[in-house]
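One structure below.
Numbering (my numbering), first residue to last: 26 to 316.
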């Protein structure tokens with residue numbers, strides 16, 4: 026392959042011009058690097074602040090709490106589904122719907138567990154009971170119900186499903202706090218939200234009506250919830266969900282918390298012996314000081 030040489034000649038009369046041009050390039054480059062350095066400093070500070078937030082959020086105590094909560098939820102879901110394989114699939118679906126609805130994974134799982142038996146007795150499959158939970162989560166998002174308000178509605182509906190009908194205080198909670206849920210129930214019964222009290226007194230808001238009103242509108246509720254803006258609080262909820270799922274999964278794979286728990290139980294079982302040894306040692310040291 027032929028090689029080409031490129032040579033540059035700086036003649037005397039053009040020397041000063043070339044020198045000025047190179048000086049300009051140097052000044053511009055230095056200014057650019059100073060800007061980049063300042064931006065890097067700002068970016069580094071932001072990243073360090075975020076790292077501090079994450080590190081603070083994932084303290085040892087929090088990691089233990091995540092592992093314990095995940096283990097508890099998984100055990101109960103496995104029991105409700107009848108096997109670890111089905112339990113794993115259900116937890117995956119629950120985690121996905123919690124992510125989509127900006128809801129806590131614990132709250133979402135508790136909601137499914139609270140209704141699983143009643144829905145199964147109504148003849149619904151596991152997939153349909155999960156659809157029920159997702160529809161309820163989406164309805165809470167559309168209603169702007171979060172935290173304790175959402176839990177109160179989910180608890181009221183869970184009680185209603187267990188009793189076979191929605192009435193009394195449970196119905197009052199749904200009407201006052203449920204928002205979109207109350208609207209769907211009213212539409213399904215051909216009445217108004219205010220008219221739900223009469224329908225409840227007549228025993229017409231049955232478990233079948235509740236599950237039809239929610240599952241039958243799942244796609245609509247998904248679309249409505251997707252149009253709701255997310256908040257900073259929602260973002261931190263998702264971070265917490267991801268952290269719990271990550272810690273819980275690692276813990277199940279490696280069994281770290283199980284080993285720690287076994288060691289702590291061994292310490293607790295031998296606490297009296299350790300205390301006796303400590304007292305004897307203290308007496309020995311006191312004797313030496315006196316001597």
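Where is the CB? At the ideal position from N, CA and C, for every residue including glycine.
Am I right that residue 218 and residue 200 are in contact with their C-beta atoms under 8 Å? What's the rounded C-beta distance? Right, their Cβ atoms sit about 6 Å apart.
In the DSSP assignment, find the unbroken alpha helix (DSSP H) run with residue 172 in it and report its ends. Start and end: 172–188.
Please confirm if the stretch 208–225 is in contact with the stretch 136–148, defined as three or more CB-CB distances below 8 Å between the two stretches. Note that the stretch 208–225 does not touch the stretch 136–148; fewer than 3 beta-carbon pairs, one per stretch, sit closer than 8 Å.
Check whether the Cβ atoms of residue 132 and residue 87 lie closer than 9 Å to each other. Taking a C-beta distance under 9 Å as the contact criterion, residue 132 and residue 87 do not qualify as a contact pair.
Rounded separation between residue 115 and residue 192 - CA only: Going from the Cα of residue 115 to the Cα of residue 192 covers about 30 Å.
For residue 18, is the classification buried or exposed, using 16 other Cβ atoms within 10 angstroms of its Cβ as the cut-off for buried? Residue numbering for the chain in the displayed model covers 26 to 316; residue 18 lies beyond these limits and cannot be assessed.
So what does DSSP say about residue 231, is it helix, strand or coil? Here DSSP, grouped into helix, strand and coil, assigns residue 231 to strand.
Top-ranked residue by Cα proximity to residue 249, from 148, 187, 162 and 105: Residue 162 is the option with its Cα nearest to residue 249.
Where do the ends of the alpha helix (DSSP H) carrying residue 140 lie? Taken as a continuous stretch (DSSP letters only), the alpha helix (DSSP H) holding residue 140 covers 130–146.
Go ahead and pull the three-state DSSP assignment for residue 116. Residue state, collapsed to three classes: helix.
My assumption, with CB atoms under 8 Å, is that residue 263 sits in contact with residue 124. Please give the rounded CB distance. Beta-carbon to beta-carbon, residue 263 and residue 124 are separated by about 6 Å, close enough to satisfy the 8 Å threshold.
By DSSP, does residue 191 sit in helix, in strand, or in coil? Here residue 191 sits in coil by DSSP.
Along the alpha helix (DSSP H) that carries residue 165, what are the first and last residues, could you check? Membership of residue 165 in the alpha helix (DSSP H) is indicated by the continuous run 151–168.
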